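With my numbering applied, the sequence shown corresponds to residues 4 to 259, in that order. No residue lacks a Cβ here, since even glycine has one placed at the ideal position from N, Cα and C. Source: prediction; values computed, not measured.
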Amino acid sequence: MKKIQFIKFSAYNLVCIIVLMSMQLQQDLSAKDIVKKADDNMRGKTSQADITIKIIRPTWSREMNMKAWTKGDDYSMILVTSPAKEKGTVFLKRIKEVWNWIPSIERNIKLPPSMMSQSWMGTDFTNDDLVKEASSVSDYDHRLLGKETISDKDCYKIEMIPKPSAAIVWEKVIVWIDSEDFLQLKAEFYDEDGELVNIMNSSEVKEIGGRKITSKIEMFPVDEEGNSTVIIYNDITFDKPINDNFFTTRNMKQLK
Numbered sequence: 004m005k006k007i008q009f010i011k012f013s014a015y016n017l018v019c020i021i022v023l024m025s026m027q028l029q030q031d032l033s034a035k036d037i038v039k040k041a042d043d044n045m046r047g048k049t050s051q052a053d054i055t056i057k058i059i060r061p062t063w064s065r066e067m068n069m070k071a072w073t074k075g076d077d078y079s080m081i082l083v084t085s086p087a088k089e090k091g092t093v094f095l096k097r098i099k100e101v102w103n104w105i106p107s108i109e110r111n112i113k114l115p116p117s118m119m120s121q122s123w124m125g126t127d128f129t130n131d132d133l134v135k136e137a138s139s140v141s142d143y144d145h146r147l148l149g150k151e152t153i154s155d156k157d158c159y160k161i162e163m164i165p166k167p168s169a170a171i172v173w174e175k176v177i178v179w180i181d182s183e184d185f186l187q188l189k190a191e192f193y194d195e196d197g198e199l200v201n202i203m204n205s206s207e208v209k210e211i212g213g214r215k216i217t218s219k220i221e222m223f224p225v226d227e228e229g230n231s232t233v234i235i236y237n238d239i240t241f242d243k244p245i246n247d248n249f250f251t252t253r254n255m256k257q258l259k
């Protein structure tokens, strides 16, 4: 009987130790660590995704479908597959260069940093939001503001200030990251005057590609009532090897 009690006691102690270690690990995480964990969750080492984008306006709406590939922070590629008018349009990020292949005029255009803040194909997302020229980890300084509840989830509230060397349009970004699964559930974007410009909400947590992700992302411009853009991840695969040579201007013209 004593042996059984000892085993039960030991098992209980072990569970307590694991829980306490987990709590201590979360307490020891810096704001930058938290942002990195959230970023890694949505990227993996590589990712390949099937995405639908819905542009919603008070009097009309339209959809685009696309395929997207990423490899770390340095490489990303987006291929628009529909509608027919935009089909074949490709965006490439390679290190710090961003290119746009326009099949209708058969031209490959290098986008300057000044264009990264402009609307991506008429959506409420910027070119930088989609192509990810800026890194949420290395291009910002991070500060933990506290904790708040978003969608019944306990979240870290973190302020992100662009570093002086980073070509980023926002004066600051505030993000809310779920403290359990490290998923970003909300973000607010502020201009140089400190005015709130955009609100981004992430929801519909699903297990896709072997990990939990927010499969629906909505961007709302604060001053344009009735306008929004929705990104839906239909499918995504993580950590499948992709050669660096896939992310080239030559390959942009061959994608289908």
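For residue i, I'd like the list of residues in its chain whose CB is within less than 7 Å of its CB, leaving aside the five on either flank, ordered along the chain.
i, result
"Ile98", "Asp77"
"Leu258", "Leu82, Val93"
Specify, as a first and last residue, the run of the alpha helix (DSSP H) that residue i falls within.
i, result
"Asp247", "Note, Asp247: premise wrong, no alpha helix (DSSP H); not H, not E."
"Ile112", "Run containing Ile112: none in the alpha helix (DSSP H); it sits in the beta strand (DSSP E), 110-113."
"Arg60", "That residue, Arg60, is in no alpha helix (DSSP H); it is neither H nor E in DSSP."
"Lys40", "34-46"
Less than 8 Å between the beta carbons of residue i and residue j, yes or no?
i, j, result
"Glu89", "Met67", "yes"
Can you give me the Cβ contacts of residue i inside the same chain, cut-off strictly under 6 Å, excluding the 5 residues immediately before and after it?
i, result
"Ile177", "Glu162, Glu191"
"Phe94", "Ile81, Asn103, Val134"
"Ile37", "Tyr159, Ile180"
Looking at the structure shown, is residue i part of a helix, part of a strand, or coil, going by DSSP?
i, result
"Leu82", "strand"
"Ala169", "coil"
"Arg253", "helix"
"Ile98", "coil"
"Val134", "helix"
"Asp238", "strand"
"Met222", "strand"
"Asp157", "strand"
"Asp140", "In the sequence under discussion, the amino acid at residue 140 is Val, which differs from the Asp named in the question. In the structure shown, Val140 sits in coil (DSSP, three-state: anything other than H, G, I, E or B)."
"Asp270", "Nothing can be reported for residue 270: it is not among the residues displayed for the chain, which extend from 4 to 259."
"Met119", "coil"
Can you grab the Cα-Cα spacing for the pair residue i / residue j, in whole Å?
i, j, result
"Pro61", "Gly149", "36 Å"
"Asp242", "Gly47", "6 Å"
"Leu147", "Ser138", "18 Å"
"Ser107", "Asp155", "47 Å"
"Glu183", "Asp157", "8 Å"
"Met203", "Asp142", "19 Å"
"Lys39", "Val140", "6 Å"
"Asn246", "Asp144", "31 Å"
Closer than 8 Å by C-beta to residue i: which residues in its own chain qualify, once you throw out the five before and the five after it? Chain order, please.
i, result
"Thr240", "Ser50, Gln51, Ala52, Gly212"
"Thr129", "Met119, Ser120, Gln121, Ser122, Trp123, Val172"
"Phe223", "Asp127, Asn201, Ile202, Met203, Asn204, Asn230, Ser231"
Is there a C-beta anywhere in chain C that falls below 8 Å from the one on residue i?
i, result
"Gly91", "Of the protein chains in this structure there is only one, and it is not chain C."
Under DSSP, the beta strand (DSSP E) around residue i begins and ends at which residues?
i, result
"Asn68", "64-74"
"Met203", "199-211"
"Trp179", "175-181"
"Glu191", "187-193"
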